[in-house]
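**Student:**
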Amino acid sequence: MRRLAWLVPVAVAAWLLPYGLGGYSMHVADVAIIFAILAVGLGLTMGVAGQINLAQVAFFGVGAYTVAILTTQAGFGFWSAAVLAVLAAAVFGALVGVPALRMQSHYLGIVTLGLALAFTNWVTNATVAGRAEGISDLPVPPMFGLDLSSGYLFYYVELVVFALALAFALLVTHSPLGRRLRAMRDDDLAAGALGAEIPLLRMTAFVLSGLYGGVAGVLYAGLIRFVAPESFNIANMFLLLAMVIIGGRSSILGCVVGAVALSLVREALLDASAYAQLGYGLVVVLVVVFAPQGLAGLPRQFLRRRRDGSRAQLGPFQPYEAAAPAPSDGDVLEVREVTKRFKGLVALDGVSLTVPAGQIRGVVGPNGSGKTTLFNVISGFYTPTQGSVRLRGRDVTGAAPYRLSHRGVARTFQNLRLFEDLSVRENLLVGLDRTPTTWIWRYPGLPWKVLGYERELRERAGELIERFGLAEVADAEPRSLPYGIQRRIELARAMAMRPGLLLLDEPAAGLNGEEVRRLGEIVRSIRDSGVTVVIIEHNMGLVMSLCEQVTVLSGGRVIADGPPAEVAVHPDVVAAYLGDSMTAPTAEEATR
Ligand SMILES: Nc1ncnc2c1ncn2[C@@H]1O[C@H](COP(=O)(O)OP(=O)(O)OP(=O)(O)O)[C@@H](O)[C@H]1O
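Quick note: the sequence shown uses UniProt numbering, first residue 1, plus one each step.
1. Taking the CB atoms as reference points, tell me whether Y483 and G510 lie closer together than 8 Å.
2. When you get a sec, list the residues whose CB is within less than 5 Å of any heavy atom of ligand 1, chain order please.
3. For T356, which residues does DSSP report across the bridge?
4. I'd like to check one pair, L95 with L84: are the Cβ atoms closer than 8 Å?
5. Assuming A312 and A476 make a contact with CB atoms under 8 Å, what is their CB distance in whole Å?
6. With distances taken from CA atoms, which of G217, L239 and A58 is nearest A116?
7. Could you name the residues of the same chain whose beta carbon sits closer than 8 Å to that of I246, not counting the 5 residues immediately before and after it, in chain order?
8. Work out the CA separation of P229 and P9 for me, nearest whole Å.
9. Closest to A55 by CA distance: which of V98, L170, G77 and G75 is it?
10. Starting from V410 and walking both ways along the alpha helix (DSSP H), at which residues does that stretch end?
11. The alpha helix (DSSP H) spanning L418 covers which residue range?
12. Where does the unbroken alpha helix (DSSP H) through T173 begin, and where does it stop?
13. Can you tell me which of P292, A216 and G281 puts its alpha carbon nearest to the alpha carbon of L239?
14. Using only the alpha-carbon positions, how far apart do V24 and L153 sit?
15. So does the segment 398–405 actually touch the segment 484–494, counting three or more Cβ pairs closer than 8 Å?
16. Should K340 be labelled buried (16 or more other beta-carbon atoms within 10 Å of its own) or exposed?
17. What's the gap between the Cα of M243 and the Cα of G47?
18. For the beta strand (DSSP E) holding D561, just list the boundary residues, first then last.
19. Quick one: is A268 buried, meaning 16 or more other Cβ sit within 10 Å of its Cβ, or exposed?
20. How should Q486 be labelled, buried or exposed, when 16 other C-beta atoms within 10 angstroms of its C-beta is the threshold for buried?
21. Below 8 Å on the Cβ atoms is my contact criterion, and I expect I536 with E506 to pass it. Report the Cβ-Cβ distance as a whole number of Å.
22. Which of the three DSSP states is assigned to K449 in this structure?
23. Using 8 Å as the Cβ pair cut-off and three pairs as the minimum, do the segment 551–569 and the segment 366–376 touch?
24. Less than 8 Å between the C-beta atoms of V409 and L501, yes or no?
25. Is there contact here, the segment 161–170 with the segment 413–433, by at least three beta-carbon pairs under 8 Å?
26. So, are the CB atoms of I252 and C547 less than 8 Å apart?
27. By Cβ distance below 6 Å, which residues in the same chain neighbour F76 in space, the five residues on each side in sequence not counted?
28. Just the C-alpha distance for L504 and T412, rounded to the nearest angstrom, thanks.
29. The beta strand (DSSP E) spanning R390 covers which residue range?
30. Do you know how far the Cα of A81 is from the Cα of L194?
31. For Q549, which of helix, strand or coil comes out of DSSP?
32. Exposed or buried, what is residue 626 when buried is set at 16 or more other beta-carbons lying within 10 Å of its beta-carbon?
33. Which residue or residues does DSSP assign as beta-bridge partners of R361?
34. Roughly how many angstroms separate the alpha carbons of L4 and L345, rounded to a whole number?
35. Short check: CB of C255 to CB of G520, under 8 Å?
Structure representation (structure tokens):
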């Protein structure tokens, strides 16, 4: 809130603006606000959620045309038509979002562009939409006797709507929902494993864009009182895109700055509009190359160059309080006869294993033996071809990662999957947030509860940072940090979920001897706090000293299962390891 204090003088200046402007300049300001609302909506889908959306101008059109059709042809009053128009644009947003459930990146761009073109074609040809001539003579929006046909008075209506739209977008981006959207943009697999409901989140992003498009469309219909296809064409979509890219797509305020700046430039270049498009294109290319985060990202870009986290140090880990052992806890994980085929390749072949509560179970095997595939099946990334997975006796075979995460399964990844554009603290906050995505209704309904929940999460993140010795790096970006610290962050992020079952995929990879020793202590403390741990590891010293039981995979089959000392000298295990470039665990290592 304190960081937003500078908004106060800006708001005062915006309020006083009409006193210094002539009629035409006032009209330019009115249009700029409409573009700013559109840009904020586009920033939410493209920048925050990372979903390519070239249909924003169609959402805008749906809003404006719905008002035009309902008021001129169905006898609706302006404001009742406005409510329906915003709803219609949100529904259209949801429809455009459906392809995002199946495809991403440029494919999604092409599909959304196609849907936007389909809308323009429809309004150009449909009689109800007035064909190419459009619809004119829309009513002036009534408001307590004020004459809103005046651009001056309409400006204040727009300003209030814009302030609300901006406040809502800032609430979304600076709260658990926005963080999840950004986590999804950075790495949707890792976000899913942390409990983010990816399909619903993608839909949410498009519906939000639809809402903003609808609101902008209503204001446009009220201001211009005439709609025609050319206002919602592809040229305007690219102008909007340029606003968001130049301003800074992941910053909501950047989108506003981009929208206002380009609206003014567009006005200045009205006489040279043929060259203007070329100019926008050139500026966009320059921004993408030299300032990928747009104008709003420039300060951060310079700060990042100066901030070097490579010498950062980890603090000591503060052990968890030991939980009293509960012998009746039974089995936490039961994998039964799981087979996983990838076309011709059998990665897992009838694998079974049972992990009792409170155990640290090792899973070892030569490269390509199926260890990570087993984790991917347990954590919901892969559905097994055959067999089942049970968590505390409940069948969870094929359940989505976010569902398993909510059932207490946490995991780390062999190739670290930290959210690179989020700070270390934010990475932990994503793990700490356990709310279902359906909580979204709280954002418009009970925003103060959202802020209260965010404060609570931040307090808990502070505790976690202290426990895992991450205070020195809490506000750094993960990519700037040494590998050992990144591994610790990933472990802390998994523990943020307060899991019952923790799956660690090669947590010692890339760590030095001292770091491996500390890792062993941390994992033991985690287990003592009541968490069951399954660990894939190539570091045999760690496996032998840490695990109570070890399962050995080779060629997708379990070839041995038992206490480490027994397994290490099992003839099949020795043979499997000798067949691999790795050295077999020695009996000495086994008993260490
Ligand atoms: N998505 C996939 N598509 C096709 N093949 C796959 C896929 N995932 C894994 N495999 C194959 O399944 C086999 C087992 O791979 P997996 O990554 O589970 O082995 P691993 O024991 O974890 O190996 P490493 O120790 O090298 O990590 C390999 O032959 C691998 O190429």
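No residue lacks a Cβ here, since even glycine has one placed at the ideal position from N, Cα and C.
**Tutor:** So, from the data block:
1. yes
2. F342, A347, N367, G368, S369, G370, K371, T372 and T373
3. Correcting the residue type first, residue 356 is Pro in the shown sequence and not Thr. Per DSSP, D331.
4. no
5. 7 Å
6. A58
7. G258, A261, L262, V283, V284, V287, G294 and L295
8. 38 Å
9. V98
10. With the sequence shown as reference, residue 410 is identified as Ala, and Val is not the correct amino acid for it. Taken as a continuous stretch (DSSP letters only), A410 belongs to no alpha helix (DSSP H), being part of the beta strand (DSSP E) at V409 to R411.
11. Run containing L418: none; DSSP gives neither H nor E here.
12. G151 to T173
13. G281
14. The displayed chain sequence assigns Tyr, not Val, to residue 24. So the two alpha carbons sit approximately 14 Å from each other.
15. no
16. buried
17. 12 Å
18. R557 to G562
19. exposed
20. buried
21. 6 Å
22. helix
23. yes
24. yes
25. no
26. no
27. L70
28. 5 Å
29. Q386 to L391
30. 41 Å
31. strand
32. The question about residue 626 has no answer here: the residues shown for the chain are numbered 1 through 592.
33. V534 and Q549
34. 56 Å
35. no
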